[in-house]
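Residue numbers (our numbering): 1122 to 1528. One structure below.
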RNA sequence: GUCGCCAUAGUGUAAUGGUAGCAUACGGGACUGUGGAUCCUUUGGUCUGGGUUCAAAUCCCAGUGGCGACCCCA
């Protein structure tokens, strides 16, 4: 018999993991709501041209692309920002600023590795309409609150200004056409070191002298302070966020960032890379025909966060309704229904098991209470509720059982 | 798309080219209205397809999937 497994780079999420994710989602939603962000949903697939517009047709290699039955070329969403810019571009009259948040999955056709999936989840915010550092500071503050809400305490932001680095590249004499290559090489500084970056720059056709000049200027930049970053850092300090370091090598690989960019590293999990990143993208909405709308945002990698947090136990109901004899299974089912109508989460026995086995089962699942359903109980209309922890039992009407377990 | 390492019951692991085992989990029982212990026990596996060989989990090739390095990024 052929066995199927999930397609490459995807996986199943079982109840224990889903419960942990849902808990994380609900905490993140709480953070988003507290800042006034409204949740949006966009389609899983979009016109390929929309997806490709910002990065050119080469992006096709990294996307899931398909043709529908009418011959339209479509692609799976690989980024939350692009569809949100489409919304904004086609709804230019929405009041500004616009605060959108999302919690959603997306797809990218790249090589799976630890913390990198072909289907992955991201949650984040986009703040559109403001070009000011206050907006960038707010976005980073939301990210900070999300990290804390996730239960991550030991983390640090690395921030930078992409415009500043681009200016340095120009100053070093790196031609406009090589700018993207240069920034991408620089992004690896922490990983491959200065010599590694220099090597890559030369491989990309940037002469040694210019590469050295660029790296020299970037090195100085660490000491110099970019005015935009300084202002954002100052605002963050006023909000009590101090774990922010200026790192001139952080430029992000994505092309649409135009200014402020940041990454978030969790102490002890540096191998996972950034778990939340974002920045300013003032020209992206314009690309979709909406006129210039300055914007900034960030996304948190849910799969990476879950990798760090780990998974607890699968959730269990309050109660197992246990028929003492197999023939009473039907009574147990209907009593369970009545209890649910009274607000009690419970499960009924469906395996036809002996009472002993049911106790064993409740114990191993961690179900805290068990309700015996036998002839005695049915006749009296009072059921035996057993506390699995203490072993204490009491005779109660359904109403009393519900009252106790709800409270 | 390139390179390297890897793949055995659900999970974790054994098996010089010669009978695929152990642990755990799951199901049943010892114990027909009272669990967590103990004992017994059923089911279940060599990723897929080729090749070499008297004989392949083991060697070779390809595919699939996992991990890591490129690339890119959450």
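All C-beta atoms in this analysis are idealised placements derived from N, C-alpha and C, irrespective of residue type, glycine included. Note that this is a predicted model, so its numbers are computed, not measured.
Cβ-heavy atom distance, residue i to the ligand SAM, below 8 Å
i: residue 1492; result: What this structure holds is no ligand at all, so the ligand SAM is not there to describe.
7 Å Cβ shell around residue i - same chain, five flanking residues per side excluded
i: residue 1317; result: 1309
i: residue 1526; result: 1439, 1440, 1465, 1490
i: residue 1207; result: 1171, 1409
i: residue 1386; result: 1276, 1277, 1279, 1395
i: residue 1459; result: 1519
Cut-off 8 Å between Cβ atoms - residues of its own chain near residue i, not counting five sequence neighbours on either side
i: residue 1520; result: 1463
i: residue 1515; result: 1505, 1506
i: residue 1499; result: 1449, 1452
i: residue 1188; result: 1194, 1195
i: residue 1201; result: 1163, 1223, 1225, 1227, 1243, 1245, 1247, 1420
i: residue 1518; result: 1502, 1503, 1504
i: residue 1260; result: 1246, 1248, 1399, 1417, 1418, 1419
i: residue 1470; result: 1441, 1442, 1443, 1444, 1450, 1453, 1479
i: residue 1323; result: 1329, 1332
i: residue 1131; result: 1238, 1239, 1240
i: residue 1230; result: 1182, 1183, 1184, 1185, 1239
i: residue 1406; result: 1206, 1209, 1210, 1249, 1412, 1413, 1414, 1416
Where residue i sits in the DSSP three-state scheme
i: residue 1525; result: helix
i: residue 1320; result: helix
i: residue 1215; result: coil
i: residue 1236; result: coil
i: residue 1330; result: helix
i: residue 1437; result: coil
i: residue 1224; result: strand
i: residue 1293; result: coil
i: residue 1273; result: coil
i: residue 1325; result: coil
Where the beta strand (DSSP E) containing residue i begins and where it ends
i: residue 1240; result: 1240–1249
Continuous alpha helix (DSSP H) stretch holding residue i: start and end
i: residue 1458; result: 1450–1462
i: residue 1279; result: Counting along the chain, residue 1279 falls outside any alpha helix (DSSP H), though it belongs to the beta strand (DSSP E) covering 1276–1282.
i: residue 1445; result: First-last for residue 1445: undefined, no H or E at that position.
i: residue 1257; result: 1254–1270
i: residue 1304; result: 1300–1307
Residues near residue i in its chain [Cβ-Cβ closer than 6 Å; skip 5 each side]
i: residue 1403; result: 1379, 1415
i: residue 1486; result: 1437
i: residue 1370; result: 1307, 1310
i: residue 1146; result: 1224
Check your understanding: Does the stretch 1270–1279 come close enough to the stretch 1153–1169 to have 3 or more Cβ pairs within less than 8 Å?
Key -> Here the stretch 1270–1279 makes no contact with the stretch 1153–1169; the two share fewer than three CB pairs at distances below 8 Å.
Review point. Quick one: complete alpha helix (DSSP H) runs, 4+ long, within the stretch 1123–1211?
Key: 1136–1155, 1169–1174, 1202–1211
Practice item. Scan the stretch 1456–1523 and note each continuous alpha helix (DSSP H) run of 4 residues or more that stays entirely inside, going in chain order. Key: 1476–1486, 1496–1501
Practice item. Mind listing, in chain order, the continuous alpha helix (DSSP H) runs of no fewer than 4 residues lying wholly within the stretch 1342–1429? Key: 1348–1359, 1405–1408
Review point. Does the stretch 1405–1419 come close enough to the stretch 1246–1257 that 3 or more CB-CB pairs lie under 8 Å?
Key: yes
Practice item. Specify whether the stretch 1232–1246 and the stretch 1389–1397 touch according to this definition: at least 3 beta carbon pairs, one from each stretch, less than 8 Å apart. Key: yes
**Study point:** Inter-stretch contact (C-beta, 8 Å, three-pair minimum) for the stretch 1326–1339 and the stretch 1287–1303
**Key:** Short answer: they touch.
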